[in-house]
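>
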Amino acid sequence: MVNKNKILLKPVALVTGASSFLGRAITLKLAERGFDLALLFQNSREKTKRLSVELERHGAKTLLVKADLRESKNAAAVIQEVVKSFKRLDVLINNASLFYPTPLAKGKASQWREIFEVNLISPYFLARAAAPWLKKNTGCVINLSDIYGENPRLKNHSAYCVSKAGLNAMTRVLAGELGPEIRVNSVSPGAIFIPNKFSQKRRRELIDRSVLKRQGKPGDISEAVFFLASNNFITGQNLNVDGGRFF
Ligand SMILES: NC(=O)c1ccc[n+]([C@@H]2O[C@H](COP(=O)([O-])OP(=O)(O)OC[C@H]3O[C@@H](n4cnc5c(N)ncnc54)[C@H](OP(=O)(O)O)[C@@H]3O)[C@@H](O)[C@H]2O)c1
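Numbered by my numbering, the letters in the sequence shown go through residues 21 to 267 in order.
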């Protein structure tokens with residue numbers, strides 16, 4: 021028997037940190053490629069509302085979901101809200117993150133805890149709660165990691181680097197646990213956003229560390245995310261999109 025729902029319903033992606041620098045590019049790419057979108061935010065309600073208007077112009081249905089991912093116990097409720105509205109979930113994109121310095125001499129245990137909750141533990145519990153739904157559509161999970169997960173040499177950012185190293189390991193753990201129905205991969209951006217406070221000299225030095233000697237664009241990341249969402253024979257992989265910074 022033909023399942024009418026499968027024909028009529030568009031695939032649905034949940035993107036955490038949806039209105040962030042890269043989240044926005046990812047949601048726009050997915051909307052252009054025919055997805056409906058659940059947009060998770062914590063503080064950026066207005067920004068996320070504006071993004072949702074833009075996505076709807078691209079033909080996507082959207083749902084705004086507010087949650088604090090410092091509390092991983094919120095993960096199950098988030099997934100419930102999404103499937104209550106869309107009746108399906110095809111792709112989970114763990115993009116939200118906390119990024120700030122935790123210098124060796126001054127970093128606090130509370131900072132380590134909140135960075136781990138948002139960058140590592142909530143993504144795990146979101147994936148676990150989403151799994152039964154992803155399974156129905158042989159869906160996937162994509163984690164936004166960082167090149168500093170594999171090469172943790174970002175001075176004063178130990179908690180962030182370790183959280184992303186953990187996320188890389190978790191990508192492989194979940195690929196094994198959730199296969200064969202669900203694929204799990206990660207994308208590790210290099211220099212995409214360079215803070216405005218960086219001098220021209222420091223900016224150039226950073227860019228020159230990569231083989232391609234140019235700054236990446238948000239579209240380079242969203243294209244990689246879409247590639248991993250659509251290629252059905254890749255799982256357990258971390259894709260560095262860094263202009264050849266580390267290889
Ligand atoms: N940008 C880059 O160049 C770069 C490079 C390497 C890796 N990455 C990775 O790519 C991803 C996106 O980076 P980005 O620069 O676009 O992010 P960003 O602009 O720093 O934004 C962070 C996002 O995380 C969300 N967030 C933070 N704490 C949260 C919490 N407790 N609960 C729910 N959401 C929370 C924020 O939501 P609200 O605004 O709603 O509070 C925000 O949307 C991250 O995983 C990052 O580590 C980025």
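Glycine is no exception: its CB is placed at the ideal position from the N, C-alpha and C atoms.
Report the residue from A58, R108, E52 whose alpha carbon sits nearest the alpha carbon of G37.
A58
> In this structure, what does DSSP give as the bridge partners for F61?
Per DSSP, the beta-bridge partners of F61 are K86.
> Using a Cβ-Cβ cut-off of 8 Å (strictly less than) and excluding sequence neighbours within five positions of E76, which residues of its own chain qualify?
Here the set comprises T82.
> Below 8 Å on the Cβ atoms is my contact criterion, and I expect A116 with L60 to pass it. Report the Cβ-Cβ distance as a whole number of Å.
7 Å
> Given V245, which residues of its chain have a CB within under 6 Å of its CB, disregarding the five upstream and five downstream residues?
Correct list, in chain order: I46, I162, V207.
> According to DSSP, simplified to helix, strand and coil, what is L146?
helix
> Please identify the residue among S92, L109, L112 whose C-alpha is closest to the C-alpha of F145.
S92
> Where does the unbroken alpha helix (DSSP H) through N224 begin, and where does it stop?
Correcting the residue identity first, residue 224 is Arg in this sequence and not Asn. Residues 220-228.
> Classify F106: buried if its beta carbon has 16 or more other beta carbons within 10 angstroms, exposed otherwise.
buried
> Ordered along the chain, which non-local residues of its own chain (more than five positions away) have a Cβ less than 8 Å from that of K67?
Result list for K67: S39, F61, in chain order.
> Would you list, in sequence order, the uninterrupted alpha helix (DSSP H) runs of no fewer than 4 residues that lie entirely inside the region 104-186?
129-136, 142-156, 167-170
> Relative to the C-alpha of I167, which candidate in K156, G159, K184 has its C-alpha closest?
K184
> Run through the DSSP bridge pairs and tell me what T36 is partnered with.
L60
> Which ranges would you report for the alpha helix (DSSP H) in the region 190-220 if only whole runs of at least 4 residues count?
Segments of the alpha helix (DSSP H) lying fully in the region 190-220: there are none.
> Got a sec? Which residues, its chain only, sit under 6 Å from N252 by beta carbon, not counting five neighbours each side?
none
> Can V261 and D240 be called in contact, C-beta distance under 8 Å?
yes
> Consult DSSP for N251 and reduce its assignment to one of helix, strand or coil.
coil
> According to DSSP, simplified to helix, strand and coil, what is V98?
Helix.
> Let me make sure I understand the geometry here. Which of V73, F41, S64, N63 has the alpha-carbon closest to that of A51?
Residue V73 holds the alpha-carbon nearest to the alpha-carbon of A51 among V73, F41, S64, N63.
> So which of L187, P200, K30 has the shortest CA-CA distance to F136?
When only C-alpha atoms are compared, the closest one is L187.
> Could you tell me whether any non-hydrogen atom of ligand 1 is closer than 7 Å to the CB of A116?
yes
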